[in-house]
Amino acid sequence: MIEILDSAQLATARRSGALVANILQTLKNRTVVGTNLLDIDRWAQQMIDSAGAQSCYVDYAPSFGRGPFGHYICTAVNDAVLHGLPHDYHLVDGDLLTLDLAVSQDGIAADSAISFIVGETQAEQSVALIEITQQALEAGIAAAQPGARIGDISFAIGSVLSTAGYPVNTEFGGHGIGSTMHQDPHVANTGRPGRGYQLRPGLLLALEPWVMLDTARLVTDADGWTLRSATGCRTAHSEHTVAITEQGPEILTLPILA
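Counting in UniProt numbering, the sequence shown runs from 1 upward without gaps.
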């Protein structure tokens, strides 16, 4: 299913996007060496509930997971990159943490992810991984113009990642979003320009470049959810929900906290 939102739904999407962005920023600011992943999950639940919103993850049970997910946020550490199931782990200095959050408010969902390093140790490779996903996301957003095609976005993202020397996995990527978290069209993190669905105003896309340092192959944890690099290398992930408008792409998941 591909949804095209009307102006009222787009206004709702902006509120959902702001909520997701501000929760993620608050969680990042509260996360320090020694923070437990289960505390991050609890904090996310408290903020979602206090906003009168709904988690897109708690009851999420797709075919590829061992569902339902049962938590409010994805917490992926170091070699984990996607669907990180929160567990009893205290973060240490230098950990590369990805927080991925999807929330529905008044019937419209928004989805975003941030990667950052915990503590003072800023390993060069970890910093580079985070920066390249952010650059690829910026390129993908810039390509998300009305009249363009999904392949144009995929090509823009993939060009940044591959030019920097990172392998690109196409099993998981961006996606449509709206009344549900995951919709068509799929947005692979590499592709051919001029191909695929043509972008129309009112379309919402969650664009999410992610990379692993030296492999494109994923392995799944025994928890049935957490996806890790097959070699144990570090990973990073950046994501925004973007609305296609007549004027161009509008990022809905930018934080507005002071």
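Using N, Cα and C, we set each Cβ at its ideal position, and we do this for glycine too.
Its Cα nearest to that of residue 60, the residue 180 stands out among 180, 243 and 192. Within a 10 Å sphere around the beta-carbon of residue 72 sit 16 or more other beta-carbons, which makes this residue buried. In the structure shown, residue 150 adopts helical secondary structure according to DSSP, grouped into three states.
As computed with DSSP, residue 66 is found in no beta bridge at all. Counting only runs of at least 4 residues, the stretch 191-256 fully encloses no alpha helix (DSSP H) element at all. Taking the Cα positions, residue 204 is about 12 Å away from residue 16. For the stretch 85-126, the continuous beta strand (DSSP E) assignments of 3+ residues that do not extend past its boundaries occur at 96-105 and 108-117, in sequence order.
Note: residue 55 is bridge-paired with 103 in the DSSP secondary-structure output. With contacts defined by Cβ atoms closer than 9 Å, residue 253 and residue 112 form a contacting pair. Judged by beta-carbon spacing, residue 110 lies within the 9 Å limit of residue 206, meaning their Cβ atoms are closer than that value. Judged by beta-carbon spacing, residue 133 lies within the 9 Å limit of residue 210, meaning their Cβ atoms are closer than that value. Within the model, the alpha-carbon separation for residue 234 versus residue 82 is close to 12 Å.
For residue 170, the secondary structure class from DSSP, reduced to helix, strand or coil, is coil. Restricting attention to 137, 193 and 200, the CA atom closest to the CA of residue 174 is found in 137. Within the stretch 6-54, the runs of alpha helix (DSSP H) at least 4 residues long that lie entirely inside it are, in chain order, 7-30 and 37-50. Listed in chain order, the non-local C-beta contacts of residue 45 below 8 Å within the same chain comprise 55 and 72, local neighbours out to five positions each way being set aside. Around the beta carbon of residue 62, fewer than 16 other beta carbons lie within 10 angstroms, which makes this residue exposed. In this structure, the alpha-carbon of residue 186 lies about 17 Å from that of residue 102.
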